[in-house]
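S.K.:
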Amino acid sequence: METITAILERAQQRAREMDLPYEGALLPGEALDLLQEAPGAKLVDVRSRAEWDWVGRIPGAVEIEWQSYPGMRPNSSFIDYLSSQVDKESLVMFICRSGGRSHQAAATATESGYANCYNILEGFEGEKDATGHRGTKGGWKAAGLPWIQG
Numbered sequence: 086m087e088t089i090t091a092i093l094e095r096a097q098q099r100a101r102e103m104d105l106p107y108e109g110a111l112l113p114g115e116a117l118d119l120l121q122e123a124p125g126a127k128l129v130d131v132r133s134r135a136e137w138d139w140v141g142r143i144p145g146a147v148e149i150e151w152q153s154y155p156g157m158r159p160n161s162s163f164i165d166y167l168s169s170q171v172d173k174e175s176l177v178m179f180i181c182r183s184g185g186r187s188h189q190a191a192a193t194a195t196e197s198g199y200a201n202c203y204n205i206l207e208g209f210e211g212e213k214d215a216t217g218h219r220g221t222k223g224g225w226k227a228a229g230l231p232w233i234q235g
């Protein structure tokens, strides 16, 4: 396993290259390593309750909807929920289906005073494959990382 420092430096370099408004961008495997090895690191899953129930959950993740299903209405209490469950000094990694909502969540958390925000690139299910399905091309599930059926 790589060192925490090496993973964070690579994630921070990606953020600079991609001009991201938060600390870094992680690949799913890197996020799992940090979750297991970095003291106080938190994984925040910002998918909807329907996705957790029907697609799958990541054991130990803090679950806070960025948008609510149906209708995908924005969660106006997102930062309040985050503040009640995650310390502002923590290394915080955000994940969604494919990286879009978690990008927004990481940016919003950074604006709200969280200094160590990271987006998990590829998300839980990754991009669609040639047949239009997710879960086989990139992402947490396709990488064989821990998850349970909701």
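For the sequence shown, the numbering used here assigns the number 86 to the initial residue and increments by one for each residue that follows. From the three backbone atoms N, C-alpha and C, an ideal C-beta is built for every residue, glycine too. Every value quoted in this text rests on a predicted model; they were computed, and no experiment measured them.
Whole angstroms is fine: what's the gap from residue 135's alpha carbon to residue 156's?
M.R.: Residue mapping note: residue 135 aligns to position 50 of the sequence shown, counting from 1. Residue mapping note: residue 156 aligns to position 71 of the sequence shown, counting from 1. The straight-line gap from Cα to Cα measures roughly 12 Å.
S.K.: In this structure, how does DSSP classify residue 175 when only helix, strand and coil are distinguished?
M.R.: Numbered from its first residue, the sequence shown carries residue 175 at position 90. Three-state result, residue 175: coil.
S.K.: Please report the distance separating the alpha-carbon of residue 120 from that of residue 194.
M.R.: Stepping through the sequence shown from its first residue, residue 120 is reached at position 35. Stepping through the sequence shown from its first residue, residue 194 is reached at position 109. Whole-angstrom Cα-Cα distance: 18 Å.
S.K.: Can you tell me which residues form a DSSP beta bridge with residue 204?
M.R.: Here residue 204 refers to the residue found at position 119 of the sequence shown. In the DSSP output, where bridge partners are listed per residue, residue 204 has 110 and 179.
S.K.: Which residues mark the beginning and the end of the beta strand (DSSP E) in which residue 127 is found?
M.R.: As a working note, residue 127 is residue 42 in the sequence shown. Per DSSP, residue 127 belongs to the beta strand (DSSP E) from 127 to 130.
S.K.: Given this structure, state the Cα-to-Cα distance separating residue 163 from residue 215, to the nearest angstrom.
M.R.: The residue labelled residue 163 in the question sits at position 78 within the sequence shown. The residue labelled residue 215 in the question sits at position 130 within the sequence shown. Going from the Cα of residue 163 to the Cα of residue 215 covers about 34 Å.
S.K.: Touch check for the segment 181 to 193 and the segment 90 to 104: three-plus C-beta pairs under 8 Å?
M.R.: The segment 181 to 193 is not in contact with the segment 90 to 104.
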